[in-house]
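Structure first, commentary second.
Residue numbers (the working numbering): 14 to 118.
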């Protein structure tokens, strides 16, 4: 009496093949990356906008310090209060840039 041929046991259907597992891992990683990037994008835009504002404030502070120094050292004919009333350009050589007018503080 011969025994019937034994069949190989197949893997349970719940276990995906290795190639499918790699595909799931790739899709999962790309999904997580897109979520992280979607969260970081607004922060990047706010950061660059904030740097622009900071640069403008630094230029204004530098121009104000320069005008005050010039007034204190006597390089300008105007008193310090009059120099403080204008907003000079950062690249201006003198105390009163083109287009600026004297104002009362």
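Glycine is no exception: its CB is placed at the ideal position from the N, C-alpha and C atoms.
CA-to-CA distance, residue j to residue i, given in whole angstroms
i, j, result
"residue 46", "residue 60", "21 Å"
"residue 77", "residue 51", "40 Å"
"residue 55", "residue 63", "12 Å"
Environment of residue i [buried if 16+ CB atoms lie within 10 Å]
i, result
"residue 84", "buried"
"residue 80", "buried"
Endpoints, alpha helix (DSSP H) assigned at residue i
i, result
"residue 19", "Premise fails: residue 19 is in no alpha helix (DSSP H) and is neither H nor E."
"residue 30", "No alpha helix (DSSP H) holds residue 30; DSSP gives it neither H nor E."
Cutoff 8 Å: residue i Cβ touching any chain B Cβ
i, result
"residue 61", "Judged by its chain identifiers, the structure shown contains no chain B, having just a single protein chain."
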